Amino acid sequence: MSESSRDAVLARIRQGLAAGPTPLPPRPDFAAPVHPPLSSADVVVAFAERFQQIGGEFHYCETLADFAAQLAAFRERQQVGAPYVWEPDLQAVLQAAGVEFRADETDFIANADLSLTSCEALVARTGSVLVSAATGSGRRLSIYPDQHLVLARPSQVVAEIGDALRVMQERYVASMPSMVSLTSGPSRTADIEKTLVLGAHGPRRIALFLLEEDDATLDNEKVLSS
Numbered sequence: 006m007s008e009s010s011r012d013a014v015l016a017r018i019r020q021g022l023a024a025g026p027t028p029l030p031p032r033p034d035f036a037a038p039v040h041p042p043l044s045s046a047d048v049v050v051a052f053a054e055r056f057q058q059i060g061g062e063f064h065y066c067e068t069l070a071d072f073a074a075q076l077a078a079f080r081e082r083q084q085v086g087a088p089y090v091w092e093p094d095l096q097a098v099l100q101a102a103g104v105e106f107r108a109d110e111t112d113f114i115a116n117a118d119l120s121l122t123s124c125e126a127l128v129a130r131t132g133s134v135l136v137s138a139a140t141g142s143g144r145r146l147s148i149y150p151d152q153h154l155v156l157a158r159p160s161q162v163v164a165e166i167g168d169a170l171r172v173m174q175e176r177y178v179a180s181m182p183s184m185v186s187l188t189s190g191p192s193r194t195a196d197i198e199k200t201l202v203l204g205a206h207g208p209r210r211i212a213l214f215l216l217e218e219d220d221a222t223l224d225n226e227k228v229l230s231s
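Residue numbers for the sequence shown follow the working numbering, so the first one is 6 and each next one is one higher.
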């Protein structure tokens with residue numbers, strides 16, 4: 006290194022030292038929310054919007070009769086048979102509504118085109134349905150059939166995934182289910198040549214029927230929320 010180059014380097018070092026230490030980056034506000042506000046102050050509206058954005062089919066039902074009519078219309082559009090329903094409380098709801106269903110596992114593997122289950126919670130942030138193996142539907146009914154239907158109540162909607170997990174902790178305490186899953190839209194993959202394929206690892210369609218809380222035809226509130 007020539008003398009002039011050495012002097013230039015030392016001059017830059019002295020200049021840098023004279024300016025003092027580099028200011029520290031601003032300290033993050035760890036109390037501030039990580040996510041932006043939801044699309045609506047009403048978590049039910051926010052869930053419905055997000056659920057549809059990710060490919061879910063949303064149905065709002067004011068009464069049990071309304072639910073029965075919308076379910077019949079769905080089956081007619083999709084040309085599918087009666088849903089498999091294995092949860093006793095959910096079967097009671099369908100019986101009260103006069104809705105046909107398949108309660109046993111007869112020919113399930115060959116004919117599992119449609120299932121209907123309850124859920125543990127609905128997450129507004131992601132539009133996800135939280136299901137678990139603790140219900141009578143077990144692990145299979147939300148995964149194996151070609152189309153998955155969910156019946157839920159507005160009181161089951163929470164804002165964040167953390168809120169849904171706290172619901173699970175409070176409900177099951179030390180006996181957590183062997184499987185807890187967040188279902189976010191229909192099953193999909195684009196692993197092969199970046200071509201989107203639905204139904205690759207689970208149902209290719211998910212539809213949610215949200216039944217109002219004040220439906221007087223249902224006197225067993227734990228049917229959908231416990």
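The beta carbon of each residue, even a glycine, is placed where N, CA and C say it ideally should be. Since the structure is predicted, the reported quantities are computational estimates derived from the model, not experimental observations.
In this chain, the beta strand (DSSP E) harbouring residue 136 covers 133 to 137. The beta strand (DSSP E) runs lying completely inside the region 41 to 126 and spanning 3 residues or more are 62 to 66, 119 to 122, given in chain order.
Taking the Cβ atoms as the reference, residue 85 lies roughly 5 Å from residue 118, within the contact range of under 8 Å. At the C-beta level, residue 188 and residue 136 come within 9 Å of one another. Just so you know, the alpha carbons of residue 178 and residue 80 end up roughly 38 Å apart.
In the structure shown, residue 9 adopts helical secondary structure according to DSSP, grouped into three states.
In the three-state reduction of the DSSP assignment, residue 166 falls in the helix class, which pools H, G and I. Setting aside the 5 residues that flank it on each side, residue 146 is surrounded in the same chain by 89, 91, 120, 122, each with a C-beta closer than 7 Å to its C-beta; the list follows chain order.
As the crow flies, the alpha-carbon of residue 52 is around 51 Å from that of residue 25. When 171, 32, 38 are compared, the shortest CA-CA separation from residue 126 is found for 171.
A direct Cα-to-Cα measurement between residue 173 and residue 140 gives close to 13 Å. For the region 166 to 198, the continuous alpha helix (DSSP H) assignments of 4+ residues that do not extend past its boundaries occur at 166 to 177, in sequence order.
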